[in-house]
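Enquirer: Numbering (our numbering), first residue to last: 1 to 526. For glycine and all other residues, C-beta sits at the position ideal for the given N, C-alpha and C. Note that the structure is predicted; figures quoted are calculated from it, not measured.
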């Protein structure tokens, strides 16, 4: 179904403004509006209060479920649910099948003011309605968190909320969910998503003293937008601005972050937000994973490389003089926010470097993605390519979250690439190193008889077509080979190489001879 025909489904606690917002959204978009409570009243021939009195809550919930089944098959509607309708996972699934689910949130104290004296709400019938409201609100929070999108209506005018709902839907947001043994987390792909991060964190009851880690290049571009989003949701963020570049991805930088975390009053109820590319994501993530034995971590990548690689999969690390990412951990983020609008300011070099990881994803498991890249790409395809590349990584990570087996395929080209980076003292861009590594891996696969000349040529040609390097001239093959032994993927003294068999099929090869590695390196030496 096209995004323009998906339903807009507003849910949330009673008193958050679902009906008022929904009616105005429908009016402005020229869509039919459905208030589920009003439909149930019409069909039952009595008020909701009377349904509860005469037939009980169970009967009302059956009306809700039947209506969700009906509306879930329709399209182009704006729907305001009852406060408890989507607490039921079955109803959420029905409505999410062809709708954007948006939860309207509001502070409890304001809800109490809004609902004071309203005796038409059976769920608040109690000797102490205020106490009952607070209890019910807390009981439903875990269900509301499962709703993909959140907007805070506390002390905000109707028109502002309506405009934000329409803007969110017109951005055509996408949510991927990563499932791992330690739990699951969402990956949001939302144009303009930085403005929504505060509401998403607030819905998850994240503590106020969040820390925003970024670098000197990204801060002037997006720092203010993200801070405004956090403050609008009543967070008290502390920003930490680091020097940009891989050479600062060290334990010394992490120690500096620890000191700032202590000064900021960071605790396990709050979160570390990483705004930037792969270096910031890796470094802030490692600091979050190890501070107080782990605080919540929220990657907000602003580079193509960060979006399709570093932010997904839960691997965080810093470099060591003897090897890249040697000091690290596995940590599952609270959520990941990908805002494609941040790619609009990406320098051309960063864009090209990021495409190396996208090409890698296509070689591993997505022939259609690779063929699109092979044919050429323009800016309008980037969001689609990000979706396809992260889908490849999510599928692999879910199968092998701790890199015990299949996840090693994500290291295609990286045994070579990391060696190039070490020898360059981390002055070589990771994406460019990956491109060189992919070229070397393609040659090695052909030498090993694993792939055809045609497959090797397709890989090399696609890299060149995006002006990515496929050769090197700085180091003798012997130096590159020795640098590989700091690689995390080796087993004892045996190197393991991830090699392409054909586009969309990868093998892990532990039987590669030294002379074959030298031969591959000689082929790409300019």
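1) Are residue 178 and residue 397 touching if we call contact CB-CB under 8 Å?
2) Under a three-way DSSP split, which group does residue 100 fall into?
3) On the three-pair Cβ rule with 8 Å, is the segment 140-158 touching the segment 209-224?
4) My guess is that residue 390 and residue 187 are in contact by the Cβ rule of under 8 Å, so how many angstroms apart are they, rounded?
5) Candidates 25, 115 and 163: which alpha carbon is nearest residue 132's?
6) Among 84, 260, 337 and 369, which residue has its Cα nearest to the Cα of residue 298?
7) With DSSP collapsed to three states, give me the class of residue 242.
8) Does the separation of the CB atoms of residue 410 and residue 438 fall below 8 Å?
9) Just to confirm my understanding: we take residue 277, look at its own chain, exclude 5 residues before and 5 after, and list those with CB closer than 7 Å. What are they?
10) Considering only C-alpha positions, which residue in the set 34, 281 and 509 is nearest to residue 451?
11) Please name the residue or residues paired with residue 320 in a DSSP beta bridge.
12) According to the neighbour-count rule (16 or more other Cβ atoms, all chains shown, within 10 Å of its Cβ), is residue 60 buried or exposed?
13) Using CA coordinates, which residue listed in 204, 268 and 244 is at the minimum distance from residue 282?
14) Closer than 6 Å by C-beta to residue 445: which residues in its own chain qualify, once you throw out the five before and the five after it? Chain order, please.
15) If you follow the beta strand (DSSP E) that residue 199 is part of, which residue opens it and which one closes it?
16) Quick one: grab the DSSP three-state call for residue 11.
17) From the DSSP output, read off the bridge partner residues of residue 184.
18) What does DSSP give as the partner residue(s) for residue 189 in the beta ladder?
19) Between the C-alpha atoms of residue 121 and residue 134, what's the straight-line distance to the nearest angstrom?
20) Mind listing, in chain order, the continuous alpha helix (DSSP H) runs of no fewer than 4 residues lying wholly within the segment 407-462?
21) In three-state DSSP terms, what is residue 524?
22) Cα-Cα, which of 54, 8 and 385 is closest to residue 170?
23) With 16 as the cutoff for other CB atoms within 10 Å, does residue 63 come out buried or exposed?
24) Ends of the alpha helix (DSSP H) at residue 133?
25) Output needed for residue 240: all residues of its chain with C-beta closer than 6 Å, excluding positions within five of it in sequence on either side, in chain order.
26) Report the rounded CA-to-CA distance for residue 207 versus residue 81, giving the unit in angstroms.
27) Would you list the one or two residues that DSSP bridges to residue 301?
28) Taking the C-alpha atoms as reference points, what is the distance between residue 347 and residue 10?
29) Please classify residue 325 as buried or exposed, where buried requires at least 16 neighbouring CB atoms within 10 angstroms.
30) Report the three-state DSSP secondary structure of residue 328 (helix, strand or coil).
31) Where do the N-terminal and C-terminal ends of the beta strand (DSSP E) with residue 506 fall, by residue?
32) Taking C-alpha atoms, which residue in 520, 353, 524 and 66 lies nearest to residue 92?
33) Counting C-beta neighbours from all protein chains within 10 Å, is the total for residue 291 16 or more, i.e. buried, or is it exposed?
34) Check each candidate in 333, 215 and 58 and name the one with the smallest Cα separation from residue 204.
35) Using C-beta distances below 6 Å, list every residue in its chain close to residue 419, excluding the 5 sequence neighbours before and after it, in chain order.
36) In this structure, how does DSSP classify residue 79 when only helix, strand and coil are distinguished?
Expert: So, to answer that:
1) yes
2) strand
3) no
4) 7 Å
5) 115
6) 337
7) strand
8) no
9) 301, 302, 303, 305 and 306
10) 509
11) 323
12) buried
13) 244
14) 451, 499 and 500
15) Residue 199 -> not in any beta strand (DSSP E); alpha helix (DSSP H) instead, spanning 197-203.
16) strand
17) 179
18) 174 and 338
19) 14 Å
20) 414-423 and 430-447
21) helix
22) 8
23) buried
24) 129-145
25) 213 and 260
26) 29 Å
27) 276
28) 38 Å
29) buried
30) strand
31) 505-509
32) 66
33) buried
34) 333
35) 480, 483 and 484
36) strand
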